[in-house]
Amino acid sequence: MIRVESLVKYYGEYPAVRGVSFEVPKGRVVGFLGPNGAGKSTTMRILAGFLTASGGRASIAGKDVFTDPIAARRNIGYMPESCPLYPELRVAEYLKFRAGLKGLGWAARRKRIDYVLERCWLKDVRTQLIGTLSKGYRQRVGLADALLADPPVLILDEPTAGLDPTQIRETRKLIRELGREHTMLLSTHILTEVEMTCDSAVIIYQGEVVEDGTLEAIRHKHQTNNLEEVFIKLTRQEGI
Amino acid sequence: MRALLALIKREFTGYFLSPVGYVTLFFFLLVTGLLFAQAVAGLTRTGSQGVEYPFAVLFGDTAFWFVFAFIPPLLTMRLLAEERGTGTLESLLTTPIRDWQVVAGKYIGAVLFYLVLWLPTLLYLPVLLNMSVSGDWYRPTGITFGIDPAYAWASYLGVILAGMMFLAIGLFVSSLVKNQLVAAMIALAVCLVFVAAGFALPHLDANDVWAKAVRFVSVPDHFRRDFTRGVIDTRHLLLYLSVTAFCLFLTARSLEARRLRA
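Chains Y and L, in that order, give the protein sequences.
Mind the numbering: the first sequence is residues 1 to 240 in this note's numbering, read in order.
Mind the numbering: the second sequence is residues 241 to 502 in this note's numbering, read in order.
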């Protein structure tokens with residue numbers, strides 16, 4: 001469903017992503033791992049169509065994100081890092097606006113909004129101003145927005161960043177449930193999260209893929225049960 | 241199409257969700273109200289001191305344009321600068337919407353609110369045009385104007401198109417920066433070029449090519465000489481429409497460039 005081939009992105013002279021290739025088959029939940037600044041967000045932004053790559057190719061559900069961006073974006077539900085929202089809108093208003101942007105018809109709009117409000121436990125805050133919501137609720141609004149058009153692919157950039165333990169637990173549960181229906185790529189640097197929610201992982205370091213495979217295969221290859229050890233070994237941070 | 245409509249609706253209603261819209265409306269009505277009172281005073285004065293063109297009192301004054309120049313930047317400063325600043329531009333540009341639709345949606349939303357600004361001033365027209373209705377009030381048989389209504393239609397056409405030009409400039413500036421205040425200041429500076437250009441006229445030889453250029457861009461002069469006297473000069477319309485189209489094109493390009501850069 002997601003196919004990335006030797007993707008390159010330069011920020012000026014600096015190569016943030018240097019030839020990343022990986023593939024996410026249909027129905028798989030893949031954890032996108034790496035230390036801060038490894039190029040996770042940049043890769044995801046290219047996939048979601050917010051940035052244009054300097055080189056390489058990427059496609060979502062067979063649609064190239066550079067030559068056919070609108071069709072590719074129709075297949076993605078994307079939640080940006082830190083989940084920016086409009087504070088002056090109410091939750092239901094915001095979702096209505098987003099459903100319109102995603103081209104949903106009037107009848108479908110109402111149905112999908114009711115569904116995502118229910119799904120992301122947002123029913124009690126539907127008339128609340130987004131600006132007054134806690135971080136956990138905002139994150140859920142972001143997730144609800146990603147689910148609105150019922151896209152086959154979900155791309156979530158650090159969905160649990162900044163949440164308290166209870167909220168992290170709820171969000172992970174939701175992600176596990178969503179993983180049954182959607183192909184998912186989620187970035188994080190929390191390793192237990194990957195172990196709890198993902199089938200496989202792609203580890204990226206300094207803009208390059210250093211490991212890619214199912215969790216089983218990764219553990220087997222490095223002969224350890226601890227993903228953290230693998231991560232630290234691969235990202236050469238053992239001395240720290 | 242649905243995406244475009246959703247965006248227009250959001251941008252238009254957005255003006256009513258923040259104080260900026262109401263404050264702008266307040267000052268706008270204050271200024272136009274004062275000028276209306278001046279025009280009425282001029283029209284009702286006895287003797288030889290009356291006004292010949294009442295709409296020139298409203299729109300022909302450079303002082304009015306100096307105040308007016310603040311309004312489009314206030315309306316457009318938030319459009320893209322705010323989204324860039326708070327990061328919501330990322331969620332907007334990753335939906336299946338084309339860049340030109342984002343530009344069009346935001347621009348149309350701003351233009352609609354601009355038209356709302358002018359709407360209450362239509363109430364001045366019956367007085368300024370010395371309108372009288374014959375027959376009963378509930379079944380009028382005829383409407384006559386003491387003053388040619390063409391002055392009003394031409395003035396309103398001009399003021400709408402000139403405003404659209406200023407709004408397009410403001411939208412383009414808003415796409416370049418992240419800070420709303422900076423967006424407003426730069427847009428104001430650019431708008432003032434069109435307002436203050438006329439100050440150079442007394443220092444120039446009237447047949448000089450520079451004088452012609454200045455008259456071409458000086459918006460208050462367009463209104464003093466032409467629109468408020470019922471003259472629709474296509475040179476002015478061409479200026480307004482081409483600057484509008486050019487700025488909207490640049491805005492779309494600036495969104496595209498942002499994708500390539502970072």
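Even for Gly, the Cβ is constructed at its ideal location relative to N, Cα and C.
Which of the three DSSP states is assigned to residue i in this structure?
{"i": "M44/Y", "result": "helix"}
{"i": "I240/Y", "result": "In this prediction, I240/Y has a pLDDT of 47, which is less than 50 and means its spatial position is unreliable; what the coordinates show is noted afterwards. In this structure, I240/Y counts as coil in the three-state DSSP scheme."}
{"i": "S59/Y", "result": "strand"}
{"i": "R90/Y", "result": "strand"}
{"i": "L488/L", "result": "helix"}
{"i": "V65/Y", "result": "coil"}
{"i": "L247/L", "result": "helix"}
{"i": "P460/L", "result": "helix"}
{"i": "D157/Y", "result": "strand"}
{"i": "T334/L", "result": "coil"}
{"i": "D301/L", "result": "coil"}
{"i": "R110/Y", "result": "helix"}
{"i": "T52/Y", "result": "coil"}
{"i": "F97/Y", "result": "helix"}
{"i": "V449/L", "result": "helix"}
{"i": "Y78/Y", "result": "strand"}
{"i": "T253/L", "result": "helix"}
{"i": "L267/Y", "result": "The shown model of chain Y, from 1 to 240, leaves out residue 267/Y, and the question about it has no answer."}
{"i": "P380/L", "result": "strand"}
{"i": "H162/Y", "result": "The amino acid occupying residue 162/Y in the given sequence is Gly; His does not appear at that position. In the structure shown, G162/Y sits in coil (DSSP, three-state: anything other than H, G, I, E or B)."}
{"i": "F439/L", "result": "helix"}
{"i": "M371/L", "result": "strand"}
{"i": "E115/Y", "result": "Going by the sequence as given, residue 115/Y is Tyr instead of Glu. Of the three classes helix, strand and coil, the one that applies to Y115/Y here is helix, per DSSP."}
{"i": "V291/L", "result": "coil"}
For residue i and residue j, I'd like the C-alpha separation in whole angstroms.
{"i": "S200/Y", "j": "G410/L", "result": "48 Å"}
{"i": "T229/Y", "j": "A217/Y", "result": "The sequence as given places Glu at residue 229/Y; Thr does not occur at that position. Each residue's Cα considered, the two are about 15 Å apart."}
{"i": "Y354/L", "j": "P259/L", "result": "15 Å"}
{"i": "Y86/Y", "j": "L234/Y", "result": "39 Å"}
{"i": "V483/L", "j": "P360/L", "result": "27 Å"}
{"i": "K9/Y", "j": "C487/L", "result": "29 Å"}
{"i": "T67/Y", "j": "R57/Y", "result": "10 Å"}
{"i": "E496/L", "j": "D339/L", "result": "7 Å"}
{"i": "V29/Y", "j": "V91/Y", "result": "28 Å"}
{"i": "E195/Y", "j": "E170/Y", "result": "16 Å"}
{"i": "I387/L", "j": "F467/L", "result": "15 Å"}
{"i": "Y293/L", "j": "P69/Y", "result": "55 Å"}
{"i": "F291/L", "j": "L51/Y", "result": "According to the sequence displayed, residue 291/L carries Val and not Phe. If you take the alpha carbons of V291/L and L51/Y, they lie about 59 Å apart."}
{"i": "R475/L", "j": "A485/L", "result": "15 Å"}
{"i": "E208/Y", "j": "R236/Y", "result": "13 Å"}
{"i": "S54/Y", "j": "L500/L", "result": "8 Å"}
{"i": "R3/Y", "j": "F304/L", "result": "59 Å"}
{"i": "G349/L", "j": "Y480/L", "result": "19 Å"}
{"i": "I240/Y", "j": "D157/Y", "result": "Residue confidence is low: I240/Y scores 47 on pLDDT, short of 50, so the model does not pin down where it sits. No coordinate-derived value is stated."}
{"i": "I204/Y", "j": "L186/Y", "result": "13 Å"}
Let's see if you can read the secondary structure: which residues bound the beta strand (DSSP E) around residue i?
{"i": "G213/Y", "result": "208 to 214"}
{"i": "R3/Y", "result": "2 to 11"}
{"i": "Y396/L", "result": "Here Y396/L belongs to no beta strand (DSSP E); instead the alpha helix (DSSP H) covers 390 to 416."}
{"i": "A16/Y", "result": "14 to 24"}
{"i": "A201/Y", "result": "200 to 205"}
Going by DSSP, what residue range makes up the alpha helix (DSSP H) through residue i?
{"i": "G273/L", "result": "259 to 284"}
{"i": "Y347/L", "result": "339 to 358"}
{"i": "L421/L", "result": "420 to 436"}
{"i": "E229/Y", "result": "227 to 234"}
{"i": "V141/Y", "result": "135 to 147"}
{"i": "R169/Y", "result": "165 to 178"}
{"i": "V194/Y", "result": "191 to 197"}
Assuming residue i and residue j make a contact with CB atoms under 8 Å, what is their CB distance in whole Å?
{"i": "L154/Y", "j": "L178/Y", "result": "7 Å"}
{"i": "A149/Y", "j": "C120/Y", "result": "Going by Cβ atoms, the distance from A149/Y to C120/Y rounds to 15 Å, so no, they are not a contact pair."}
{"i": "P159/Y", "j": "Q139/Y", "result": "7 Å"}
{"i": "F295/L", "j": "Y378/L", "result": "Not a contact, Cβ separation roughly 30 Å."}
{"i": "P80/Y", "j": "E323/L", "result": "That pair is no contact at about 12 Å."}
{"i": "A427/L", "j": "V457/L", "result": "With 8 Å as the limit, A427/L and V457/L do not qualify as a contact, their Cβ atoms being about 16 Å apart."}
{"i": "T302/L", "j": "V435/L", "result": "7 Å"}
{"i": "G131/Y", "j": "E88/Y", "result": "7 Å"}
{"i": "P336/L", "j": "A243/L", "result": "7 Å"}
{"i": "V307/L", "j": "Q278/L", "result": "About 14 Å separates the two Cβ atoms, so there is no contact after all."}
Given 7 Å as the limit, tell me if residue i has its C-beta closer than that to any heavy atom belonging to the ligand PLP.
{"i": "N226/Y", "result": "Among the ligands in the structure shown, none appear at all, so the ligand PLP cannot be discussed."}
What are the residues in the region 330 to 346 of chain L lying within 7 Å of chain Y by C-beta distance? E330, S331, L333, T334, T335, P336, I337, R338
Given a limit of 7 Å on CB to CB distance, which residues of the region 48 to 59 of chain Y reach chain C? Going by chain labels, chain C is absent from the structure shown, which instead holds the protein chains Y and L.
Contact set between the region 365 to 398 of chain L and chain Y, restricted to residues whose Cβ is under 8 Å from the partner: none
Name the residues in the region 317 to 329 of chain L whose C-beta lies less than 7 Å from a C-beta of chain Y; which are they? T326, G327, T328
For the region 255 to 273 of chain L, which residues have a CB atom closer than 7 Å to at least one CB atom of chain Y, in sequence order? L257, S258
Determine which residues of the region 282 to 312 of chain L have a Cβ less than 7 Å from any Cβ of chain Y, and write them out in chain order. none
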